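Chemist:
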Amino acid sequence: MDISVIALALDVGGIVLSDDYSIENVCAIMGIEYRPVGTSGIKRIEKWNYRCLGCGKWFKEKMDDCPVCGSGMRAHRKR
Ligand SMILES: [Zn+2]
Numbered sequence: 016m017d018i019s020v021i022a023l024a025l026d027v028g029g030i031v032l033s034d035d036y037s038i039e040n041v042c043a044i045m046g047i048e049y050r051p052v053g054t055s056g057i058k059r060i061e062k063w064n065y066r067c068l069g070c071g072k073w074f075k076e077k078m079d080d081c082p083v084c085g086s087g088m089r090a091h092r093k094r
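If you count by the numbering used here, then the sequence shown holds residues 16 to 94, one letter each, in order.
(1) Quick check on Ala-24: buried or exposed, where buried means 16 or more other Cβ atoms within 10 Å of its Cβ?
(2) According to DSSP, Val-31 sits in a beta bridge with which residue or residues?
(3) Can you give me the start and stop residues for the beta strand (DSSP E) that Cys-70 sits inside?
(4) Whose CA, out of Leu-68, Ser-37 and His-91, lies closest to the CA of Gly-85?
(5) Which word fits Asp-35, buried or exposed, when buried means at least 16 other C-beta atoms lie within 10 angstroms of its C-beta?
Now the structure itself:
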C-alpha cells in the first residue's frame, strides 16, 4: 500500500485519486476525500484550493460562504 499518497492528501488538503482498495479504506477511516479513477495504477492528489475559515473543510470552487457552516473562505495558491 502506498501510504505516501495519503500523507500528501492530508498535507495539502487534497483528494486521493486511486483504484487501490486498501487506500480507499484508509481514506474512509481518516476522513480523506477519495475518488476511484477507473484506470489501473494511477495514484495522484487533486488539490482543493479554497478552505473554510470556520470548519476547515476544503473546496475546489470559490464560494462566498461555506455551505457547511457559513464562514468565510480563504484561497490557497497551488505550489
Ligand atoms: Zn465551514
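Note that beta-carbon positions come from the ideal geometry of N, C-alpha and C, so glycine has one too. Predicted model only: the values in this text are computed from it and were never measured.
Modeler: So, from the data block:
(1) Its Cβ being crowded by 16 or more others within 10 Å, Ala-24 is buried.
(2) Beta-bridge pairing links Val-31 to Tyr-49 and Ile-60.
(3) Note, Cys-70: premise wrong, no beta strand (DSSP E); not H, not E.
(4) Just measuring C-alpha positions, the residue of Leu-68, Ser-37 and His-91 sitting nearest Gly-85 is Leu-68.
(5) In the assembly as shown, Asp-35 is a buried residue. Its beta-carbon has 16 or more other beta-carbons within 10 Å.
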